[in-house]
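Single-structure report; data block below.
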Amino acid sequence: MSELVALHTQALREPVATQYLRGLAKALAAARINKSFPDRRGLEGTLKALELESHLGLYDSIYVDSRAGLPNMASLTRVLSDRTVGRDALATMEDGATLEARRGEAEVFERLARKRRYFELLGKLELAPVDSHRVLLRRHEPEQSRASFRVELTKVVSSGCYVRVVIELVQAASIWAHKLVEVDAHGEVAAGTDALRGMVYRLANFDAETLFVRMHELEGVHVERVQRGIVGPVLWAIPTDDGLCRVLEPAADALGAAWHGYLTSTRVTAPQFVVAFASDTAAGDVPVEASNDPLVPLLGSQITETERARYGLLRQRHPFRVYKDRKFVVTDAVRPLVEQLCRSAGTKNLVYPLR
Amino acid sequence: MTASGPKINLDALNKQVAYSGEGISVKSLEDDIHKERGTQNTKVEELKVLRERNVEVQKALADEVQKLRKFSDYLDGTATKGGFWAGFKEIVSYIPGFRNIAISSRSIEELLKQQYQISARRVKEAAEYVDTLKRSEQDLYKEIDRINGKIIEMAKNEATAVDYVLELKQLVDSIEAEKQAVEANSVAFRDLESKQDKARALLSQHSSNLQLYGAAEDRYASLKDNTRKLLETIRNLGQDIQQYTTAASIKLDMASAQIQAIGTAADASVVMLELKKSLDVMTESMNATTQFVSDTQVFFRRNLDGLIHELETFDETTTKLLDQNLAESRKIEEERIAAAIAKAQQHKATHGGTPAAAG
Numbered sequence: 001m002s003e004l005v006a007l008h009t010q011a012l013r014e015p016v017a018t019q020y021l022r023g024l025a026k027a028l029a030a031a032r033i034n035k036s037f038p039d040r041r042g043l044e045g046t047l048k049a050l051e052l053e054s055h056l057g058l059y060d061s062i063y064v065d066s067r068a069g070l071p072n073m074a075s076l077t078r079v080l081s082d083r084t085v086g087r088d089a090l091a092t093m094e095d096g097a098t099l100e101a102r103r104g105e106a107e108v109f110e111r112l113a114r115k116r117r118y119f120e121l122l123g124k125l126e127l128a129p130v131d132s133h134r135v136l137l138r139r140h141e142p143e144q145s146r147a148s149f150r151v152e153l154t155k156v157v158s159s160g161c162y163v164r165v166v167i168e169l170v171q172a173a174s175i176w177a178h179k180l181v182e183v184d185a186h187g188e189v190a191a192g193t194d195a196l197r198g199m200v201y202r203l204a205n206f207d208a209e210t211l212f213v214r215m216h217e218l219e220g221v222h223v224e225r226v227q228r229g230i231v232g233p234v235l236w237a238i239p240t241d242d243g244l245c246r247v248l249e250p251a252a253d254a255l256g257a258a259w260h261g262y263l264t265s266t267r268v269t270a271p272q273f274v275v276a277f278a279s280d281t282a283a284g285d286v287p288v289e290a291s292n293d294p295l296v297p298l299l300g301s302q303i304t305e306t307e308r309a310r311y312g313l314l315r316q317r318h319p320f321r322v323y324k325d326r327k328f329v330v331t332d333a334v335r336p337l338v339e340q341l342c343r344s345a346g347t348k349n350l351v352y353p354l355r
Numbered sequence: 001m002t003a004s005g006p007k008i009n010l011d012a013l014n015k016q017v018a019y020s021g022e023g024i025s026v027k028s029l030e031d032d033i034h035k036e037r038g039t040q041n042t043k044v045e046e047l048k049v050l051r052e053r054n055v056e057v058q059k060a061l062a063d064e065v066q067k068l069r070k071f072s073d074y075l076d077g078t079a080t081k082g083g084f085w086a087g088f089k090e091i092v093s094y095i096p097g098f099r100n101i102a103i104s105s106r107s108i109e110e111l112l113k114q115q116y117q118i119s120a121r122r123v124k125e126a127a128e129y130v131d132t133l134k135r136s137e138q139d140l141y142k143e144i145d146r147i148n149g150k151i152i153e154m155a156k157n158e159a160t161a162v163d164y165v166l167e168l169k170q171l172v173d174s175i176e177a178e179k180q181a182v183e184a185n186s187v188a189f190r191d192l193e194s195k196q197d198k199a200r201a202l203l204s205q206h207s208s209n210l211q212l213y214g215a216a217e218d219r220y221a222s223l224k225d226n227t228r229k230l231l232e233t234i235r236n237l238g239q240d241i242q243q244y245t246t247a248a249s250i251k252l253d254m255a256s257a258q259i260q261a262i263g264t265a266a267d268a269s270v271v272m273l274e275l276k277k278s279l280d281v282m283t284e285s286m287n288a289t290t291q292f293v294s295d296t297q298v299f300f301r302r303n304l305d306g307l308i309h310e311l312e313t314f315d316e317t318t319t320k321l322l323d324q325n326l327a328e329s330r331k332i333e334e335e336r337i338a339a340a341i342a343k344a345q346q347h348k349a350t351h352g353g354t355p356a357a358a359g
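In the order they appear, the protein sequences are chains E and W.
Position 65 of the first sequence, counted from 1, bears residue number 65 in the numbering used here, the numbering being contiguous throughout.
Position 125 of the second sequence, counted from 1, bears residue number 125 in the numbering used here, the numbering being contiguous throughout.
As structure tokens, then:
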């Protein structure tokens, strides 16, 4: 039903794949995520496209990251490349009615009829990108030789989670020799330089605080806000006739330990999900520095005594505060373990039901 | 009964001989064969387009594999005397979007992901050929069915023509024998002669039909052989592509997590060996796809060109045969007309008047 088929990759076959995808889609809808997270519609579109009801049996499995519990890059790429190839294929394929009429002739017509419907559906869906990067001009003040930008990056990070990073920064024109963002001749459209793109892409794996410091230290750059919205990890378990199908390599953190404890002490009779949605902000207007994330404390609370002084100096140089939060969407049976996790960490988190 | 007497059965003259189909002539046979060839031509054209697309894909794949190989070789330290960093700028220039960009500018993880997506799309494009070929295969099966129907129809018509031609030949011979028994140029003789002319006219017409239906049966049989060859070519090609693309696709699916992991690691300038391993997996996948494209090139060269040549030869042969039939028919007709004119002239010379109308 579910096996590790490659590095951090597990293959889900039916009927588990459909239950998993539907559970995840419901969790996304229940989480009420805002714009600091990856676009919900794209993710929902991809989950729908991966469903058996969409590809109509053209594939026999989906690939899921065995740590993050989310569809992996291969799955995301599959639907994206199918949509691209499908656009061309639809132009040369016989129309739906003809293919339907020929279904009885041979297997290929029946398959083409299904493929056509799948390609048509993909054309209508918004799909999650593997990577998406854009730079928006917020404010242009030519008289001050200054411009404000918003940099947005969505990507699957190395942990397998799906992350959106939003950075709001101001760049002064006097040092545009090292510019990160270019404004067009009309001063209306901004484009990130490769240097900016590369830097943000590489740093997206790190927390908002690190990103803020690294960007802010660039000469002439003033960072106003760094926000990260993270979808995942997803802990899931689906009972089948052949046994329990579950996420195979969850993180060995407090949540992972609680989940393991639950699975080993309970007979799971219905699909169970714990879906985490973490947010991480570093900005000057954050009122109180705190972590309401039961899994990730503030950086300041983790560093050693020897490093504390240096860290203190660094923070004095950069005017920002950090706020971390995490909300969960859970099925009823596993709600107690998440609530216990939050109590133990001393955090008060939103826990939405998944039904 | 007529003046020819009771000994001869003249039923054959009034017999309604029914051929199935729309009747046949040299022109209609030629037209039909050309029409039937239309399906083959369409499929051959599809294969030609596929061949052109195959060349494009091969070129792109060769380019991409070269980039990956270079990258992999440099990571291995085998491609540059100056070591890894000395060659790094050259390496990254092979990755899309990386040319002329300082090494620190772009994320290797991002570039590898882009390459991964390009490769995945390329394999899908190649896999799409399979359904195109399977659809063509089915169309050709139907075409063979239709040609078989034509062959059977032609064979039945030929058999009908043979029976009737033999019957008419027997009648002509019987009338000839009967003519010997009556006085030359008598009324009975002229009556027999008139019947014999009718029988000969029918004999001529149905002999021609016999020849045409026979030729048509052979031509349709040849057309079927060529259609079958085309079908087998398409089926084999489809099976090969399916094998290759499935293998390449599986390798890519399996490599995705590695590529992502090593991309991140490469950004941190560590775990170069892992990076190389992962690239090797991706290169294998690209190699499999390149191999298939390359093989299909050979396949096309060996089969498609041969088929087109055979089909063209077939067309030439058919046209030649039909032309020959046409020429022979004209010759017979001309001889008949010449004979009639000669007879008419002889009659005029003998009797000094206008020849009586026959029948």
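Every residue, glycine too, gets a C-beta built ideally from N, C-alpha and C.
Given the structure is predicted, the values throughout are model-derived calculations rather than measurements.
In terms of Cβ geometry, TYR213 (chain W) and ALA161 (chain W) form a close pair [threshold 8 angstroms]. Short of 6 angstroms from the beta carbon of SER148 (chain E), and not among the five residues preceding or following it, lie these beta carbons of its own chain, in chain order: ARG138, ARG139, VAL170. Residues of chain E with a Cβ closer than 7 angstroms to the Cβ of ALA201 (chain W) do not exist; the shortest Cβ-Cβ separation is about 47 angstroms. No Cβ of chain E is located within less than 8 angstroms of the beta carbon of LYS43 (chain W). Residue state for ALA106 (chain E) is assigned as coil, using DSSP reduced to three classes.
Annotated three-state conformation of PHE206 (chain E) is coil, per DSSP. Rounded to the nearest whole angstrom, the CA to CA distance from LEU299 (chain E) to PHE206 (chain E) is 12 angstroms. Beta-bridge partners assigned by DSSP to THR9 (chain E): E:ALA6, E:ASP65. Here GLN117 (chain W) is buried, its C-beta having at least 16 other C-beta atoms within 10 Å. A Cβ-Cβ separation of about 5 angstroms places TYR323 (chain E) in contact with VAL286 (chain E) under the 8 angstroms criterion.
Proximity of ALA237 (chain E) to chain W, defined by a Cβ-Cβ separation below 8 angstroms, is not satisfied. For the stretch 196–224 of chain E, the residues whose beta carbon sits under 8 angstroms from a beta carbon of chain W are, in order, ARG197, GLY198, TYR201, ARG202, ASN205.
SER256 (chain W) sits in a helix when the DSSP states are folded into three classes. Taking C-beta separations shorter than 6 angstroms and ignoring five residues to either side along the sequence, the partners of VAL275 (chain E) in its chain run ALA27, VAL234, VAL329, following chain order. For LYS113 (chain W), the nearest beta carbon of chain E is closer than 8 angstroms to its own beta carbon. Classified as buried, VAL64 (chain E) has 16 or more neighbouring CB atoms from the shown chains inside 10 Å of its CB.
Straight-line measurement puts the Cα of ASP131 (chain E) at about 10 angstroms from the Cα of TYR162 (chain E).
Secondary structure in the stretch 274–353 of chain E: the beta strand (DSSP E) runs of 3 residues or longer, each lying completely within the stretch, are 290–292, 321–330, 351–353 in chain order. For GLY229 (chain E), the enclosing beta strand (DSSP E) begins and ends at 221–240. Contact between ASP82 (chain E) and LYS229 (chain W) fails: their C-beta atoms lie close to 34 angstroms from each other, not under 8 angstroms.
A residue is called buried when at least 16 other Cβ atoms come within 10 angstroms of its Cβ; GLN10 (chain E) meets this threshold and is buried. Using a CB distance cut-off of 8 angstroms, LYS124 (chain W) counts as an interface residue toward chain E. At least one CB atom of chain E sits nearer than 8 angstroms to the CB of ALA257 (chain W). For GLU217 (chain E), the three-state secondary structure derived from DSSP is coil. Relative to the Cα of ARG32 (chain E), the nearest Cα in the group E:ALA333, E:ARG326, E:ARG335, E:CYS342 belongs to E:ARG326. Flagged as an interface residue toward chain W: HIS8 (chain E), by a C-beta distance shorter than 8 angstroms.
Assigned with DSSP and collapsed to three states, ILE33 (chain E) falls in coil, not helix or strand.
Against chain W, the CB of SER158 (chain E) has a partner CB under 8 angstroms away; the residue lies at that interface. With contacts defined by Cβ atoms closer than 8 angstroms, HIS8 (chain E) and ALA257 (chain W) form a contacting pair.
No Cβ-Cβ contact shorter than 8 angstroms links GLN227 (chain E) with VAL296 (chain E). Residues of the stretch 99–125 of chain E with a Cβ closer than 9 angstroms to any Cβ of chain W, in chain order: ARG102, GLU105, ALA106, GLU107, VAL108, PHE109, ARG111, LEU112, LYS115. DSSP lists no bridge partner for ARG228 (chain W). Not flagged as an interface residue toward chain W: THR154 (chain E), since no C-beta distance is shorter than 8 angstroms. Here the C-alpha atom of LYS169 (chain W) lies approximately 33 angstroms from the C-alpha atom of LEU223 (chain W). Under DSSP, CYS245 (chain E) takes part in a beta bridge, and its partners are E:ILE238.
DSSP places ARG138 (chain E) inside the beta strand (DSSP E), whose first and last residues are 131–141.
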